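*Asks:*
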Amino acid sequence: MSNKTKYIFVTGGVASSLGKGIISASLAKLLQARGFSVTIQKMDPYLNIDPGTLNPYEHGECYVTEDGAETDLDLGHYERFLNVATSQANNVTTGRIYQSVINKERKGVYLGKTVQVIPHITNEIKEHIKILGNTGDFDFIITEIGGTVGDIESLPFIEAIRQLKWEMPKEVIFIHLTLLPYLATSGELKTKPTQHSVMKLREYGIQPDILVCRSEKKVDPSIKEKIARFCNVHVESVIESLDAKTIYEVPVLMQKEKLDQVVLDALDINTNKEPDLKVWNEFLYNLNNPKRTVEIGLIGKYVELKDSYKSISEAFVHAGARINTVVNLKWIHSDTLTAENVNEKLAGLNGVLVAPGFGTRGVEGKIEAVKFAREHEIPFFGICLGMQVAVIEFARNVLGYKDAHSVEIDTNTSFPVINMMEDQKNIEKMGGTMRLGAYKCHLLGGKALDAYGTSEITERHRHRYEFNSSFEEQYKASGMLPTGINPDNKLVEIVEIPEHPYFVGVQFHPEYKSTVENPHPLFISFIEATAEEKLKELSKA
Ligand code: GLN
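In this text, residue positions in the sequence shown follow my numbering: the first is 127, and each later residue adds one.
(1) Taking the DSSP output, what are the residues bridged to F629?
(2) Going straight from the alpha carbon of S128 to that of K382, what length do you get?
(3) How long is the line joining the alpha carbons of V515 and L607, rounded to whole angstroms?
(4) Consider the C-beta atom of P482 and the heavy atoms of the ligand GLN; say whether any pair is separated by less than 7 Å.
(5) Would the beta-carbon of R487 be found less than 7 Å away from any heavy atom of the ligand GLN?
(6) Fully enclosed by the region 148-196, which beta strand (DSSP E) runs are 3 residues long or longer?
(7) For F135, name the three-state secondary structure that DSSP assigns.
(8) Given that a residue counts as buried once 16 or more other Cβ atoms are within 10 Å of its Cβ, and exposed if not, what is D394?
(9) DSSP state of G313, grouped into three classes?
(10) Compute the distance between the beta-carbons of R340 and S323, then report whether it is under 8 Å.
(11) So what does H589 bridge to, in DSSP terms?
(12) Confirm the yes/no value for this check: CB of R586, any heavy atom of the ligand GLN, distance under 7 Å.
(13) Give the single residue among G610, R487, G557 and V164 whose Cα lies nearest to the Cα of K573.
(14) Take I257 and list the residues in its own chain whose beta-carbon comes closer than 8 Å to its own, dropping the five residues that flank it on each side.
(15) Let me know the secondary structure DSSP gives Y673 once reduced to three states.
(16) The ligand GLN and H502: does the residue's C-beta get closer than 7 Å to at least one heavy atom of that ligand?
(17) By Cβ distance, which residues of its chain are closer than 6 Å to H185, with the 5 residues on each side in sequence left out?
(18) Hey, is R448 close to the ligand FMN, as in C-beta under 7 Å from one of its heavy atoms?
(19) Quick one: what's got a C-beta closer than 7 Å to E503's C-beta in the same chain, skipping five residues either side?
(20) Can you check whether the CB of V543 is closer than 8 Å to the CB of I518?
(21) Between the alpha carbons of Q242 and F484, how many angstroms are there, rounded?
(22) According to DSSP, is G259 helix, strand or coil?
(23) Compare the beta carbon distance of A286 and D335 with 8 Å and say whether it is the shorter of the two.
(24) Helix, strand or coil: which one does DSSP assign to Y308?
(25) Measuring only from the beta carbon, is E192 closer than 7 Å to any heavy atom that is part of the ligand GLN?
(26) Going by C-alpha distance, which of Y189, Q158, E270 and K371 is nearest S263?
(27) Quick check: the Cα distance between V618 and S581, rounded to an integer number of angstroms?
(28) So, at 6 Å on beta carbons, what are the nonlocal neighbours of H459 in its own chain, with the 5 sequence-adjacent residues on each side left out?
(29) Since K168 and D198 should fall inside the 8 Å C-beta cutoff, what is the C-beta to C-beta distance between them, to a whole number of angstroms?
(30) Tell me the DSSP secondary structure of P624 in three-state form.
(31) Per the contact definition of three or more C-beta pairs closer than 8 Å, is the region 640-649 in contact with the region 490-497?
(32) Return yes when the Cβ of L303 is within less than 8 Å of the Cβ of S343, no when it is not.
(33) Taking the straight line between their C-alpha atoms, what separation do you get for E279 and Q600?
(34) Any heavy atom of the ligand GLN closer than 7 Å to the beta-carbon of Y591?
(35) Could you pull the start and end residues of the beta strand (DSSP E) that R418 belongs to?
(36) Is S128 helix, strand or coil by DSSP?
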């Protein structure tokens, strides 16, 4: 193909939550499977600089990249589908755009000029879109515009992409994702909301090239014809997107609908290479043909919104498929767990995962869950705060330090077994100031070393507090060992109880690195341990 990077913009209409992220990731997967290099970018129209300061209830999980950017959870889907790392450049918010323009204004970059949404904000957006394209590393940049067409706040993004099409007509196409509601009373799929949404786009000067229509029923050729006619697109550019069993079926469904071919045609790209989805299809086969099932409790405080733990639940899917195991996650609210009810609430689980988190709420419940798993020899996996509460629980109930705590929650504890990191002590700003992104870890042994099969690893971080090494000797003497250490600053990254069938706590977030093609070794080893425990339980019964 020509060496010019192509830009594919994905907008959404009619309703939010139609799955622009999954459609973008699926298209990217199909293009990648044809041998093209592809990346995906997300534009978020809110004013936060990044989602790092948002409560997960607001926007789901905050996903962390290798370079330490706190980003939208859709970037997690991009990495899980493409198996290629993203970076700060892959997620831009209105807040970041305004911050950059205002900083330039203060520096005098626009001296003498009135600084305005058009052209200054739109130019800034265009520059951010082109950062990835200008690297020359990609054949395609797929840019997902957050929000729904017609929202006031996404307007500058829509205007910026309209201008990009005007500047590079042969390099840019637009995909619009809409919904075809089904009216049970008349037994019909309705196209009017789609027509109106496209009308709105055209009012803004954008004619979509391709329409992807979400629908719970088959979209007949006559409906496609009608949509094509009224929305001014080719009939083969109306793509049906039926509800899928899992998000991982979507690339295959989109291939059947020829979305990738329609995109290549729209951009005038000829290729004989068909998508090679061998590895992907093997994964789907394993996912659909499991040999065993385990029940794992996910103990967290944001469990009402499953998106809050998206990377963790997807990591279970990838690792489970690799070892032909279905992981049934039981979502347990840490707020509701007490010493009195923990036995009853966690009964029957084959494994316990204590999730990451911030602040006081739910911490005591998480500590109860650790105690239950430790004492009943149930496989335990603690991630970030989950590792920290495991350390606190051990101090209280094994070392006998009854008021042991993390200074995040009790600044006056006599046993600050989880302490604030040195480099965090003088930080006053909240946004983007945690320990973020990839750091090295040296593995000393234990289940972690067995799982990774190599002693030098890197994993991503997002925290302010750490294991307090001044207690290390007491822990070692009583059976909780550090088995992973940061080789540069000596921070404890992993703790394990070797006497326990499986007890691993990690300060980092392994879930961010799990992809379809590379399931995470710690998730695999944890699931394997839960399956073994289940077998033992069954043979006792
Ligand atoms: N609140 C803890 C800290 O900041 C844990 C963070 C997390 O679980 N991501 O260290």
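Every residue, glycine too, gets a C-beta built ideally from N, C-alpha and C. Given the structure is predicted, the values throughout are model-derived calculations rather than measurements.
*Replies:* According to the structure data:
(1) F506
(2) Model confidence at S128 stands at a pLDDT of 48, short of 50, so the residue's coordinates are unreliable and nothing is read from them.
(3) 15 Å
(4) yes
(5) no
(6) 164-170
(7) strand
(8) exposed
(9) coil
(10) no
(11) R561
(12) no
(13) G610
(14) A215
(15) No answer is possible for residue 673: it lies beyond the span of the chain, which begins at 127 and ends at 667.
(16) no
(17) P177
(18) In terms of ligand content, the structure shown lacks the ligand FMN and carries the ligand GLN instead.
(19) H626 and P627
(20) yes
(21) 38 Å
(22) helix
(23) no
(24) strand
(25) no
(26) The sequence as given places Asp at residue 263; Ser does not occur at that position. Of the listed residues, the one whose Cα sits closest to D263 is Q158.
(27) 15 Å
(28) V429
(29) 5 Å
(30) coil
(31) no
(32) The identity of residue 343 in the sequence shown is Lys, whereas the question assumes Ser. Going by C-beta atoms, K343 is not nearer than 8 Å to L303.
(33) 55 Å
(34) yes
(35) R418 to G426
(36) Unreliable placement is indicated for S128, whose pLDDT of 48 sits below 50; the coordinate value is still reported in the next sentence. DSSP places S128 in coil when its eight states are reduced to three.
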